[in-house]
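Colleague:
There are 2 protein chains.
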Amino acid sequence: MLPPTTTAIRSWRPPKPRSSLFTRGLSGLTINSGRLMETLHQTCQWGAAHPYGKSRDSHHRTIRALADSHAAKTSAATETGMARLALDDDDARVRRWFASETEKLGCHNTTDQMGNMFARQAGSLGSPAPMTAMGSHLDTQPRGGRYDGILGVMAALEVLRTLKDKGRKTKYDLGAINWTNEEGARFPKSMVSSAVWSGSIPLEDAYSLADIFNPQATMESELRRHGFIGDIPCSSNANPIGAHFELHIEQGPILEDDGKKLGVVQGAQAYKWLTVTVNGRDAHTGTTPMAARRDPILAVAKMIAASNAIARESDALASTGIIKIPPGSSTNTLASQASFSLDIRHPHDDVVAGVVSRCLESFKQIAAGDGKGVDISWTLDTDSPAIKFDPECIKVVQQSADELVGPDGWLPLTSGAGHDSVETNKRCPTTMIFVPCRNGVSHHPEEYCSPEDCAIGTQALLEAVLKYDELRATKDN
Amino acid sequence: MLPPTTTAIRSWRPPKPRSSLFTRGLSGLTINSGRLMETLHQTCQWGAAHPYGKSRDSHHRTIRALADSHAAKTSAATETGMARLALDDDDARVRRWFASETEKLGCHNTTDQMGNMFARQAGSLGSPAPMTAMGSHLDTQPRGGRYDGILGVMAALEVLRTLKDKGRKTKYDLGAINWTNEEGARFPKSMVSSAVWSGSIPLEDAYSLADIFNPQATMESELRRHGFIGDIPCSSNANPIGAHFELHIEQGPILEDDGKKLGVVQGAQAYKWLTVTVNGRDAHTGTTPMAARRDPILAVAKMIAASNAIARESDALASTGIIKIPPGSSTNTLASQASFSLDIRHPHDDVVAGVVSRCLESFKQIAAGDGKGVDISWTLDTDSPAIKFDPECIKVVQQSADELVGPDGWLPLTSGAGHDSVETNKRCPTTMIFVPCRNGVSHHPEEYCSPEDCAIGTQALLEAVLKYDELRATKDN
Ligand SMILES: [Zn+2]
Ligand SMILES: [Zn+2]
Numbered sequence: 000m001l002p003p004t005t006t007a008i009r010s011w012r013p014p015k016p017r018s019s020l021f022t023r024g025l026s027g028l029t030i031n032s033g034r035l036m037e038t039l040h041q042t043c044q045w046g047a048a049h050p051y052g053k054s055r056d057s058h059h060r061t062i063r064a065l066a067d068s069h070a071a072k073t074s075a076a077t078e079t080g081m082a083r084l085a086l087d088d089d090d091a092r093v094r095r096w097f098a099s100e101t102e103k104l105g106c107h108n109t110t111d112q113m114g115n116m117f118a119r120q121a122g123s124l125g126s127p128a129p130m131t132a133m134g135s136h137l138d139t140q141p142r143g144g145r146y147d148g149i150l151g152v153m154a155a156l157e158v159l160r161t162l163k164d165k166g167r168k169t170k171y172d173l174g175a176i177n178w179t180n181e182e183g184a185r186f187p188k189s190m191v192s193s194a195v196w197s198g199s200i201p202l203e204d205a206y207s208l209a210d211i212f213n214p215q216a217t218m219e220s221e222l223r224r225h226g227f228i229g230d231i232p233c234s235s236n237a238n239p240i241g242a243h244f245e246l247h248i249e250q251g252p253i254l255e256d257d258g259k260k261l262g263v264v265q266g267a268q269a270y271k272w273l274t275v276t277v278n279g280r281d282a283h284t285g286t287t288p289m290a291a292r293r294d295p296i297l298a299v300a301k302m303i304a305a306s307n308a309i310a311r312e313s314d315a316l317a318s319t320g321i322i323k324i325p326p327g328s329s330t331n332t333l334a335s336q337a338s339f340s341l342d343i344r345h346p347h348d349d350v351v352a353g354v355v356s357r358c359l360e361s362f363k364q365i366a367a368g369d370g371k372g373v374d375i376s377w378t379l380d381t382d383s384p385a386i387k388f389d390p391e392c393i394k395v396v397q398q399s400a401d402e403l404v405g406p407d408g409w410l411p412l413t414s415g416a417g418h419d420s421v422e423t424n425k426r427c428p429t430t431m432i433f434v435p436c437r438n439g440v441s442h443h444p445e446e447y448c449s450p451e452d453c454a455i456g457t458q459a460l461l462e463a464v465l466k467y468d469e470l471r472a473t474k475d476n
Numbered sequence: 000m001l002p003p004t005t006t007a008i009r010s011w012r013p014p015k016p017r018s019s020l021f022t023r024g025l026s027g028l029t030i031n032s033g034r035l036m037e038t039l040h041q042t043c044q045w046g047a048a049h050p051y052g053k054s055r056d057s058h059h060r061t062i063r064a065l066a067d068s069h070a071a072k073t074s075a076a077t078e079t080g081m082a083r084l085a086l087d088d089d090d091a092r093v094r095r096w097f098a099s100e101t102e103k104l105g106c107h108n109t110t111d112q113m114g115n116m117f118a119r120q121a122g123s124l125g126s127p128a129p130m131t132a133m134g135s136h137l138d139t140q141p142r143g144g145r146y147d148g149i150l151g152v153m154a155a156l157e158v159l160r161t162l163k164d165k166g167r168k169t170k171y172d173l174g175a176i177n178w179t180n181e182e183g184a185r186f187p188k189s190m191v192s193s194a195v196w197s198g199s200i201p202l203e204d205a206y207s208l209a210d211i212f213n214p215q216a217t218m219e220s221e222l223r224r225h226g227f228i229g230d231i232p233c234s235s236n237a238n239p240i241g242a243h244f245e246l247h248i249e250q251g252p253i254l255e256d257d258g259k260k261l262g263v264v265q266g267a268q269a270y271k272w273l274t275v276t277v278n279g280r281d282a283h284t285g286t287t288p289m290a291a292r293r294d295p296i297l298a299v300a301k302m303i304a305a306s307n308a309i310a311r312e313s314d315a316l317a318s319t320g321i322i323k324i325p326p327g328s329s330t331n332t333l334a335s336q337a338s339f340s341l342d343i344r345h346p347h348d349d350v351v352a353g354v355v356s357r358c359l360e361s362f363k364q365i366a367a368g369d370g371k372g373v374d375i376s377w378t379l380d381t382d383s384p385a386i387k388f389d390p391e392c393i394k395v396v397q398q399s400a401d402e403l404v405g406p407d408g409w410l411p412l413t414s415g416a417g418h419d420s421v422e423t424n425k426r427c428p429t430t431m432i433f434v435p436c437r438n439g440v441s442h443h444p445e446e447y448c449s450p451e452d453c454a455i456g457t458q459a460l461l462e463a464v465l466k467y468d469e470l471r472a473t474k475d476n
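Read top to bottom, the protein sequences are chains E and B.
Following numbering that gives the first Met the number 0, the numbering of the first sequence begins with 0 at its first residue and continues without gaps.
Following numbering that gives the first Met the number 0, the numbering of the second sequence begins with 0 at its first residue and continues without gaps.
#1: Could you pull out every residue in the same chain whose Cβ sits closer than 7 angstroms to the Cβ of E:Pro384, ignoring the five residues on either side in sequence?
#2: From the DSSP output, in three-state form, read off E:Ser135 for me.
#3: Assign B:Ile455 to one of three DSSP states: helix, strand, or coil.
#4: Taking all protein chains shown into account, do 16 or more other C-beta atoms lie within 10 angstroms of the C-beta of B:Phe186, making it buried, or fewer, making it exposed?
#5: Any heavy atom of ligand 1 closer than 8 angstroms to the beta-carbon of B:Ala267?
#6: Report yes if the CB atom of E:His418 is closer than 9 angstroms to the CB atom of E:Gly144, and no otherwise.
#7: For a test of the three-state rule: what should DSSP assign to E:Gln250, helix, strand or coil?
#8: By DSSP, does B:Ala310 sit in helix, in strand, or in coil?
#9: Taking the alpha carbon of E:Thr429 as the reference point, which residue from E:Arg223, E:Ile240 and E:Phe227 has its own alpha carbon closest?
#10: Near E:Val191, what residues of its chain come up, given a Cβ to Cβ distance below 7 angstroms and the 5 sequence neighbours on each side ignored?
#11: Within this structure, are the beta carbons of B:Leu261 and B:Val434 separated by less than 9 angstroms?
#12: Check the Cβ-Cβ distances between E:Trp272 and every residue of chain B, and say whether any is below 9 angstroms.
#13: Given E:Arg471, which residues of its chain have a CB within under 6 angstroms of its CB, disregarding the five upstream and five downstream residues?
#14: Tell me the DSSP bridge mates of E:His243?
#15: Using only alpha-carbon positions, find the residue among E:Ser189, E:Thr217 and E:Ala315 that is nearest to E:His136.
#16: Would the segment 226 to 245 of chain E and the segment 301 to 319 of chain E be scored as touching if the rule is three or more Cβ pairs under 8 angstroms?
#17: Measuring straight from C-alpha to C-alpha, what distance separates E:Asn177 and E:Ser193?
#18: What residues of chain A sit near E:Gln44, judged by a beta carbon separation below 7 angstroms?
#19: So which of E:Lys271, E:Val158, E:Gln215 and E:Gly166 has the shortest CA-CA distance to E:Ala175?
#20: Excluding the 5 residues preceding and the 5 following B:Leu379 in the sequence, name in chain order all residues of the same chain whose CB lies nearer than 7 angstroms to its CB.
#21: Do B:Ala416 and E:His283 come within 9 angstroms of each other at the CB atom, strictly closer than that value?
#22: Can you pull out the residues from the segment 432 to 453 of chain E whose beta carbon lies closer than 9 angstroms to at least one beta carbon of chain B?
#23: Of all the residues that make up the segment 391 to 420 of chain E, which are near chain B by a beta-carbon distance shorter than 9 angstroms?
#24: For E:Ile176, which three-state DSSP category applies?
#25: Looking at the C-beta of B:Ile299, does it have a partner C-beta in chain E at a distance below 9 angstroms?
#26: If you measure beta-carbon to beta-carbon, which residues of the segment 92 to 106 of chain B are closer than 9 angstroms to chain E?
#27: Which residues neighbour ligand 1 when neighbourhood means a C-beta less than 5 angstroms away from any of its non-hydrogen atoms? List them by chain order.
#28: Anyone know if the C-beta pair for E:His225 and E:Leu86 falls short of 9 angstroms?
#29: When you measure from the CB of B:Ala337 to every non-hydrogen atom of ligand 2, does any distance come out below 8 angstroms?
#30: What does E:Glu249 reach in chain B if we use C-beta pairs closer than 9 angstroms?
#31: When the distance is taken between beta carbons, is B:Gly105 closer than 9 angstroms to B:Ala121?
#32: For B:Leu465, which residues of its own chain have a beta-carbon under 6 angstroms away from its beta-carbon, when the five flanking residues on both sides are left out?
#33: I want to verify the contact list: residues of chain B whose CB lies under 7 angstroms from the CB of E:Ser318, in sequence order.
#34: If you measure beta-carbon to beta-carbon, which residues of the segment 251 to 270 of chain E are closer than 7 angstroms to chain B?
#35: Taking 9 angstroms as the threshold (C-beta atoms), are E:Gly251 and B:Thr332 in contact?
#36: Could you round the C-beta distance between E:Ser340 and E:Gly320 to whole angstroms and report it? I think they count as a contact, below 8 angstroms.
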């Protein structure tokens, strides 16, 4: 274990490619952080949306047709969020760009039936063994940011570029993957294409997913429209990968709050998603005594509050992101129905199951509790057990983190969100590297990871895949 | 005071026009309940929607192209709700029908700038004094029924028809009024046209109200399209009325639960409508610890539950009919904002004020209570003080109720809902007569008042306006 190099890293901008700051255990290679950030922001021209900060000011100034300084324009250009929904025209543009950039590096590129893109850089052994992969996603939420998913693909490309620049080859093939529609924001199934690859979802089910705003457009029709249905099966059997490393923003505040630079991800939380529907009776608010009511909104309000209290008792997370009431509701009419989403998470399966069952017990009591009572029903929409990532993958990331930022510079973390890595973990050794994001914010235009933190994460990715490559070689001998 | 005549009324179907059941104090006239109901249901052809019961069955049977009995068809015809929104094409049809029917009775018809329709039947005195009016509304909620408002206008017409049939004249002119857009369901301001008449709302504000689904259509443009902008000012000064009596379904369960036939309405509850908006931070549900959240949906849920508990302590009503969250919400993202409507009611102004202020105090605490807190703001959208109806109007209705259903057959009630009568009460002596509705349900397709109860209410309206006519004559001498 090495002394912390945090100070060196902190001052590591711009990078000096020829003088390695990393010795003893580190690769001696340095990723080009300027190129990394320039490439990331350049590709965010496709789908840029939701200006904020200087960008919004600049927008207002433009509207007012006032002069604008070059400096403001430059920094403003990166202060927007993203709306690059899976397989929309901007997503198609960045995908074509990704294919072209990896081809320039000499990669062998393939696309599978779900449009998942595999860029493969040949290793020195010429081994036909599956490549060690660095994957993430280029699609975003409709009000998303510039880092979630995008950083992971850009870092993978930067690692390939760094190796190519320096004439270094891994022993085994190394590659970058762009998984299609990770967000599930347009076609409503998160990680759908890595899930088809892992065998969790039938290809037909994924193909038939419809655009949530345009039922005419399905994943299949949009893949076809852009010419993204590749000629290899979307299957971990037909198209295996040797390991999957994913660099991603934390999407939470823990690293930032603790002043850490890297998260070494041990696995992912278990979670269950429910939709709870409450039926009552529409009635006039002014003329219906409390005792005569069957008020679904009141019941739903109490249920949301109760689920929160129940989850806290177990240190679990309970969240409601959606409440629905019928259209045509009005201030002076009690609704006939209300429904809400409930998302329960915890690193342990049994805790999630216990919280869900206590919530449902409580909901039944609440349903009977007011006026003439309401009817309740629910569906379990998603049931995702806790995930443990691969110990060897975790180990090479942890060693890299120790060497890069010192043992006090990183934290072991559990991923709160789903990622393509959860699917790849079913079929190949997998782990993730987290970097801090400002205020823990993600899925938001102001999502932000500093250039320094992006660079540290990308360097950690590089070191980890090189160490894993060595490990593969050792094991094969 | 007379012995109860409830038994006589109960068996009062079909009516026998030539033999009066009502003596000693009653008018000796009997309304034609068969004609009343036939007319009501006939006019509900314009806007009929939302079949239920036999009607829905019949609909299904029709779809299956099976034979259907004539009996089922007939009773099925009345088992639908209504969707006759103010100034839509069906509302225009029923309005033109109303004008034509009252003209047939020899009424002098006028329409004011808001399309309010005044049908005036000449009295025997030939007095230019303002008419005694019976008014209500022909428009409905989008998922409304056949009685709210409609019964009041049909009863007014039936009273005019009964007088005309029997050759009886009031001393002062007597008339029927159809107020435009009482519901505020299409152009979002309840009682807007009676409020312009009373001087509570400027004409321009009412004219500029836009269709909630089609911002191109305003009240003015729709009045103009149908040719309903009349040539007299919409103003109680330019077009005064002598008194306003309104027959209406109770819209609550009290009469039915107590087995009473008539409600003698003393006034209307005070109410305040607020919109409460909570701003937080959209964040990932899986990666954002509870302590780091600014979760507006959780806060809103707690606020709704709290407002309910606070109102109960004061025997007041608290209701939330609307919850709004931003579009594009998802199960795994905490919303950035949530808002809700809050409707607080009680017969006394000070109780409403107290409940509202305790709610807002509680909301502030809730806003500060979870995670990193949320921001809260609110608007007071409607502030309607308690209303006391006119003692003389109440007295003639009470006498009529005593005589028709006996002193145990009616209840003094406070109106829970707003009505055009609340506006007329600002400018002329006013009261209302309530009749029971099944299960207290209104603003719902299955809203129902039995033919017997419709008839008793209409007879009470007739008796009350005749007594009031005598009272006016006494006072003028
Ligand atoms: Zn992501
Ligand atoms: Zn009404």
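Cβ coordinates follow ideal geometry from the N, Cα and C atoms, glycine included.
Modeller: Put simply:
#1: For the purposes of this step, residue 384 of chain E is taken as residue 385 along the first sequence, with counting starting at 1. Counting only Cβ-Cβ distances below 7 angstroms, and skipping sequence neighbours, we find Ala269 and Asp348.
#2: As a position in the first sequence, residue 135 of chain E is number 136, starting the count at 1. Strand at E:Ser135.
#3: Residue mapping note: residue 455 of chain B aligns to position 456 of the second sequence, counting from 1. Three-state result, B:Ile455: helix.
#4: Indexing the second sequence from 1 puts residue 186 of chain B at position 187. Classification of B:Phe186: buried, given that the 10 Å Cβ count is 16 or more.
#5: Counting from 1 along the second sequence, the entry for residue 267 of chain B is found at position 268. Incorrect: B:Ala267 has no Cβ contact closer than 8 angstroms to ligand 1.
#6: Position 419 of the first sequence, counting from 1, holds the residue named residue 418 of chain E. Position 145 of the first sequence, counting from 1, holds the residue named residue 144 of chain E. No. Outside cutoff.
#7: Within the first sequence, numbered from 1, the residue matching residue 250 of chain E stands at position 251. Note: E:Gln250 maps to coil in three-state DSSP.
#8: In the second sequence, counting from the first residue as 1, residue 310 of chain B sits at position 311. B:Ala310 falls in the helix class under three-state DSSP.
#9: Numbered from its first residue, the first sequence carries residue 429 of chain E at position 430. Ranking E:Arg223, E:Ile240 and E:Phe227 by Cα distance to E:Thr429 puts E:Ile240 first.
#10: As a position in the first sequence, residue 191 of chain E is number 192, starting the count at 1. So the list reads Asn180, Gly183, Ile200, Ala205 and Leu208, once near-sequence residues are dropped.
#11: For the purposes of this step, residue 261 of chain B is identified with residue 262 of the second sequence, where counting begins at 1. For the purposes of this step, residue 434 of chain B is identified with residue 435 of the second sequence, where counting begins at 1. Yes, they are a contact pair.
#12: Along the first sequence, one-based indexing puts residue 272 of chain E at 273. E:Trp272 counts as touching chain B.
#13: Residue 471 of chain E sits at position 472 when you count from the first residue of the first sequence. Taken in chain order, the residues that qualify are Tyr171.
#14: For the purposes of this step, residue 243 of chain E is identified with residue 244 of the first sequence, where counting begins at 1. E:Ala132 and E:Thr429.
#15: Position 137 of the first sequence, counted from the first residue, corresponds to residue 136 of chain E. For the residues E:Ser189, E:Thr217 and E:Ala315, the minimum Cα distance to E:His136 belongs to E:Ser189.
#16: no
#17: Residue 177 of chain E sits at position 178 when you count from the first residue of the first sequence. Residue 193 of chain E sits at position 194 when you count from the first residue of the first sequence. So the two alpha carbons sit approximately 10 angstroms from each other.
#18: Protein chains E and B are contained in the structure displayed, whereas chain A is not.
#19: In the first sequence, counting from the first residue as 1, residue 175 of chain E sits at position 176. Comparing Cα-Cα distances from E:Ala175 to each of E:Lys271, E:Val158, E:Gln215 and E:Gly166, the minimum goes to E:Val158.
#20: To locate residue 379 of chain B, count along the second sequence from 1; it is residue 380. Lys271 and Leu273.
#21: Start at 1 with the first residue of the first sequence, and residue 283 of chain E comes out as number 284. Start at 1 with the first residue of the second sequence, and residue 416 of chain B comes out as number 417. Taking 9 angstroms as the Cβ cut-off, E:His283 and B:Ala416 qualify as a contacting pair.
#22: Asn438, Gly439, Val440, Ser441, His442 and His443
#23: Ser414, Gly415, Ala416 and Gly417
#24: Counted from its first residue, the first sequence places residue 176 of chain E at position 177. Strand, per DSSP.
#25: Here residue 299 of chain B refers to the residue found at position 300 when the second sequence is read from its first residue. Residue identity check: residue 299 of chain B is Val in the sequence provided, not Ile. For B:Val299, the answer is yes, since a Cβ of chain E falls inside 9 angstroms of its Cβ.
#26: none
#27: E:Asp147 and E:Gly148
#28: Numbered from 1 along the first sequence, position 226 holds the residue referred to as residue 225 of chain E. Numbered from 1 along the first sequence, position 87 holds the residue referred to as residue 86 of chain E. It is a contact, given that the beta carbons lie within the stated cut-off.
#29: Within the second sequence, residue 337 of chain B is the residue found at index 338, counting from 1. Not so, every heavy atom of ligand 2 lies at least 8 angstroms from the Cβ.
#30: Position 250 of the first sequence, counted from the first residue, corresponds to residue 249 of chain E. Per Cβ cutoff of 9 angstroms: Thr286.
#31: Residue mapping note: residue 121 of chain B aligns to position 122 of the second sequence, counting from 1. Residue mapping note: residue 105 of chain B aligns to position 106 of the second sequence, counting from 1. Cβ distance < 9 angstroms, so B:Ala121 and B:Gly105 count as in contact.
#32: Counting from one through the second sequence, the residue named residue 465 of chain B turns up at place 466. Only Ser26 meet the Cβ criterion.
#33: On the first sequence, residue 318 of chain E is found 319 positions in, with the first residue counted as 1. The answer, in chain order, is Thr284 and Leu333.
#34: Gly251, Pro252, Gln268 and Tyr270
#35: Position 333 of the second sequence, counted from the first residue, corresponds to residue 332 of chain B. Position 252 of the first sequence, counted from the first residue, corresponds to residue 251 of chain E. In this structure, E:Gly251 does not lie closer than 9 angstroms to B:Thr332 by Cβ.
#36: Residue numbering aside, residue 340 of chain E sits at position 341 when the first sequence is read from its first letter. Residue numbering aside, residue 320 of chain E sits at position 321 when the first sequence is read from its first letter. With 8 angstroms as the limit, E:Ser340 and E:Gly320 qualify as a contact, their Cβ atoms being about 5 angstroms apart.
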